[in-house]
Ligand SMILES: Nc1ncnc2c1ncn2[C@@H]1O[C@H](COP(=O)(O)OP(=O)(O)OP(=O)(O)O)[C@@H](O)[C@H]1O
Ligand SMILES: [Mg+2]
């Protein structure tokens, strides 16, 4: 089972000023259960690409299939949940629960089961269960984003796509989201994240593709991306390398604060050379 993108090209009506397509013959296979990070500069085509995964956009050329069904088909669209960059546009009901009830109407789930599922999903993303009965429009930006994710989860998607999910979240909510995504991935849900900024709290071995001008220009895991010519080393990596250079017995490639902290706590003997 997988999302298969075959030779997909797309343009929004006119060709862009450089004469190329917004997506230019993209080929990609996302296996069920993967944790995929799609990185790329502003305007590189990330959102356009992921909108093809749930049939919101139809390729100009090529084809997108989800578990063997056309991505635009009703069957495929049920398998894929999408968290938009601006989740306020995802809500329209009086309460968060009303929105969820609407999104899964006709699926045969009764209100009680749905309510339980929503409560479970809210807890999963680190929100209080009373959010279910609040008007989505009274929530803060961060709460709204997490509540939108919980609403998507309540519909039991197999693939979850998140467009710039960390933008606008404070550190605490970012951490909640990193944790929720890890838990969801552990339950077998496929996670696909589009982001213009890299976060080293994401699993370092997760598959990472870099978009540039509508093409995939790098493919590897997050660590390989971090060490590639496409990325700059993070401050944490530079600090850890400096400590290592000065004689501290520490790994060379550490990218995030938490791992750095653990590594420092594990140092048996510190003998930093002062220069
Ligand atoms: N609705 C639209 N109509 C016309 N052009 C569009 C539309 N949406 C996006 N584009 C153009 O398509 C290109 C790719 O945009 P896209 O939103 O896919 O990029 P992105 O990588 O998601 O960028 P960001 O990091 O800013 O979210 C850009 O040149 C953008 O201006
Ligand atoms: Mg985008």
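Numbering (our numbering), first residue to last: 100 to 374. Quick reminder that beta carbons are idealized off the backbone N, C-alpha and C, glycines included. Here the structure is a predicted model, which means the values were calculated and not measured.
Quiz item: Taking all protein chains shown into account, do 16 or more other C-beta atoms lie within 10 angstroms of the C-beta of residue 262, making it buried, or fewer, making it exposed?
Solution: Classification of residue 262: buried, given that the 10 Å Cβ count is 16 or more.
Quiz prompt | DSSP three-state assignment for residue 229, whether helix, strand or coil | solution = helix
Exercise. Using the Cα positions of residue 281 and residue 150, report the straight-line distance between them to the nearest angstrom.
Key: 23 Å
Practice problem: Could you pull out every residue in the same chain whose Cβ sits closer than 6 Å to the Cβ of residue 222, ignoring the five residues on either side in sequence? | Solution: none
Exercise. Can you tell me which of 353, 342, 339 and 286 puts its alpha carbon nearest to the alpha carbon of residue 299?
Key: 353
Quiz item: Within the present structure, is the beta-carbon of residue 189 separated from the nearest heavy atom of ligand 2 by less than 7 Å?
Solution: no
Quiz prompt | Whether residue 131 touches residue 289 by CB criterion (8 Å) | solution = yes
Quiz item: Exposed or buried, residue 250, counting other C-beta atoms within 10 Å across all chains shown (16 or more means buried)?
Solution: Within 10 angstroms of the beta-carbon of residue 250 lie 16 or more other beta-carbons, which makes it buried.
Quiz prompt | Three-state secondary structure (DSSP) of residue 155 | solution = coil
Quiz prompt | Close-in-space but distant-in-sequence residues of the same chain around residue 122 (CB under 7 Å, 5 per side omitted) | solution = 107, 108, 109, 144, 147, 148 and 313
Quiz item: Based on Cα-Cα distance, which residue from 182, 133, 105 and 186 lies nearest to residue 286?
Solution: 133
Quiz item: If you count every other CB in all the chains shown that lies within 10 Å of the CB of residue 364, and 16 or more means buried, which is it?
Solution: exposed
Exercise. Answer yes or no: do residue 342 and residue 329 have a C-beta to C-beta separation smaller than 8 Å?
Key: no
Quiz item: With which residues is residue 356 paired in a DSSP beta bridge?
Solution: Beta-bridge partners of residue 356 (DSSP): none assigned.
Practice problem: Could you name each continuous alpha helix (DSSP H) segment of 4 residues or more that falls completely within the region 245-288, going from the start of the chain to the end? | Solution: Listed in chain order, they are 270-285.
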